[in-house]
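One structure is given below, encoded as structure tokens.
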Amino acid sequence: MRHEVVVVRCEDYGHLPEALTEGLAELGGAGRFFGPGERIFLKPNILGSHSPEEAVTTHPSLVEHMARAIREVGVEVVVGDSPGVGVPFTRSGLARAYTKTGIGEAAGRAGASLNYDTSYGEASLGGRLVGRANLLRAALRADGVVNLPKAKTHTFTLLTASIKNLFGLVPGMEKTGYHAKLKDVGRFSQMLVDIAGFVRPRLTILDAVVGMEGNGPSGGRPRPIGALLLGEDPNAVDVALCHILGLDPLVVPTIRAAAEGGFDPDGVKLIGDEVRTEGFILPESWGRGVPGGFLGRLVLPLVRDALTARPLVDPYKCTGCGTCARACPEGAISVTSGRAEIDRKLCIRCYCCQEVCTEGAVRIRKGWLQGRTT
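So the sequence shown is numbered by numbering that gives the first Met the number 0: it starts at 0 and just counts up by one.
In structure tokens, the structure reads:
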């Protein structure tokens with residue numbers, strides 16, 4: 000797998016078709032990756048039922064024009080995702096998400112079909128941490144996967160981009176089980192790398208035209224980045240994003256996990272335009288001083304409130320819908336008197352509640368020692 004990443008400057012989505020054409024040409028054209036008669040699964044980030052302007056999901060323009068590009072070489076295209084656990088993984092839940100994000104119309108304009116198959120199959124990952132996992136049957140049956148992530152911050156994994164996007168191939172509520180079993184961000188990230196290593200997407204194209212900063216993946220703020228990133232290796236694409244944002248790649252848990260398995264971040268070569276984003280704001284949950292691995296799991300229960308950020312419910316914004324309670328892998332959230340309440344003793348700081356809240360009612364409070372640690 001090649002570790003070159005093409006960076007194409009793209010200031011707005013009106014210029015995305017040209018930027019995509021330029022990027023694909025630099026990689027050798029769509030015909031280099033796909034052949035006539037193949038069935039390809041396009042995997043955008045459809046975290047939830049959000050409009051494109053919120054910068055939570057992959058922009059529909061990228062989905063439309065990538066589908067067009069590969070259909071031109073005689074490929075059948077299926078667009079799909081298993082959204083975040085705040086969206087019921089049912090035909091009606093998927094339909095609402097496809098409609099709200101604009102991805103449904105985009106797929107239709109491109110002549111691609113939408114996936115409504117919620118069945119899954121067991122995949123033998125053979126990973127460093129995870130041996131087997133259930134993944135969407137539509138993706139498993141395809142000849143290949145194209146990864147179309149969105150560049151965003153993430154309160155648990157720091158960034159959600161190329162590697163994290165493939166977690167959306169895990170069906171529905173099964174995602175919460177991984178949070179419950181893999182509470183340490185390092186182990187959770189290794190699981191993500193294992194899934195990505197099995198899927199081996201033919202191509203990853205990262206929507207970094209407008210990303211998200213702050214408390215992503217849904218509660219942050221849209222932030223113009225002005226780039227489209229294309230590459231064969233999703234780890235390499237994430238490294239390229241770090242360079243654009245001014246981040247040390249090894250600070251990102253998924254990149255660190257990949258590096259522990261042999262991936263070399265220093266071996267990534269950026270081709271194309273020079274794009275830099277100054278002052279990119281990270282999640283408030285980051286800057287924590289608890290070590291990873293076994294020591295971190297031992298120490299965390301003793302110092303969690305001092306050294307880790309915790310989610311809090313804003314009573315003025317909470318509608319008592321219960322989405323956060325259904326998403327919580329530890330059952331730490333209950334809804335009483337029309338308001339969600341979080342049991343601090345049960346909370347594992349995975350921030351799933353903040354991720355799925357559509358009202359912006361879950362905020363992040365830093366631990367009182369976080370600002371004093373490195």
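The C-beta atom is built at its ideal place from N, Cα and C for all residues, glycine as well.
Annotation: the continuous beta strand (DSSP E) that includes residue 121 extends over 119-123. Under the three-state reduction of DSSP, residue 160 is assigned to coil, being neither helix nor strand. Classified as buried, residue 60 has 16 or more neighbouring CB atoms from the shown chains inside 10 Å of its CB.
Less than 9 Å separates the beta-carbon of residue 151 from that of residue 160. Of the other Cβ atoms in all chains shown, fewer than 16 fall within 10 Å of the Cβ of residue 71; this residue is therefore exposed. Between the stretch 256-274 and the stretch 304-320 there are fewer than three inter-stretch CB-CB distances shorter than 8 Å, so the stretches are not counted as touching. The beta carbon of residue 340 sits closer than 6 Å to those of 333, all from its chain and outside the five residues before and after it, given in chain order.
Distance between residue 220 and residue 34, taken at the CA atoms: about 39 Å.
Counting along the chain, the unbroken beta strand (DSSP E) around residue 271 starts and ends at 268-271. If you look at residue 243, you'll find it in the alpha helix (DSSP H) that goes 233-244. In this structure, the straight-line span from the alpha carbon of residue 81 to that of residue 247 is close to 30 Å.
Just so you know, the alpha carbons of residue 236 and residue 4 end up roughly 6 Å apart. Here residue 85 is actually not in contact with residue 335; their C-beta atoms are around 20 Å apart, not less than 8 Å.
For the 9 Å CB-CB criterion, residue 182 and residue 283 do not form a contact. Setting aside the 5 residues that flank it on each side, residue 96 is surrounded in the same chain by 45, 47, 48, 82 and 86, each with a C-beta closer than 7 Å to its C-beta; the list follows chain order. The stretch 222-237 and the stretch 13-29 touch, with three or more beta-carbon pairs separated by less than 8 Å. With respect to residue 313, residue 361 sits close: the two C-beta atoms are nearer than 9 Å. Taking a contact to require three or more Cβ pairs closer than 8 Å, the stretch 108-116 and the stretch 184-196 do not qualify as touching. The C-beta distance from residue 56 to residue 88 rounds to 16 Å, too long to fall under 8 Å, and the pair is not in contact.
Contact check for residue 31 against residue 232 fails: the beta carbons are separated by 9 Å or more. With a 10 Å radius around the Cβ and a threshold of 16 neighbouring Cβ atoms, residue 149 comes out buried. When secondary structure is reduced to three states using DSSP, residue 0 falls in the coil class, being assigned neither helix nor strand.
Taking residue 191 as reference, the option from 207, 202, 168 and 204 with the minimal CA-CA separation is 168. Secondary structure remark: continuous alpha helix (DSSP H) runs of at least 4 residues inside the stretch 4-55, in chain order: 15-26.
In the same chain as residue 63, and ignoring 5 residues on each side of it, the C-beta atoms closer than 6 Å to its own belong to 105, 108 and 109, in chain order.
If you draw a straight line from the Cα of residue 260 to the Cα of residue 146, it is about 21 Å long.
Of the residues 329, 38 and 189, the one whose Cα lies closest to the Cα of residue 140 is 38.
In the DSSP assignment, residue 191 falls within the alpha helix (DSSP H) that extends over 184-198. Taking the CA atoms as reference points, residue 324 sits about 7 Å from residue 331.
Shown here, residue 264 sits in a helix according to DSSP, grouped into three states.
Between residue 28 and the set 202, 206, 264 and 279, the nearest pair of CA atoms involves 202. Contact annotation: residue 350 and residue 154 have beta-carbon atoms nearer than 9 Å. Between residue 354 and residue 280, the CB-CB gap reaches or exceeds 9 Å. Between residue 275 and residue 214, the alpha-carbon positions lie close to 21 Å from each other.
Non-local C-beta neighbours of residue 36 in its own chain, meaning closer than 7 Å and more than five positions away in sequence, comprise 73, ordered along the chain. Distances from the CA of residue 14 to each of 164, 208, 320 and 137 were compared; the closest alpha carbon is that of 208.
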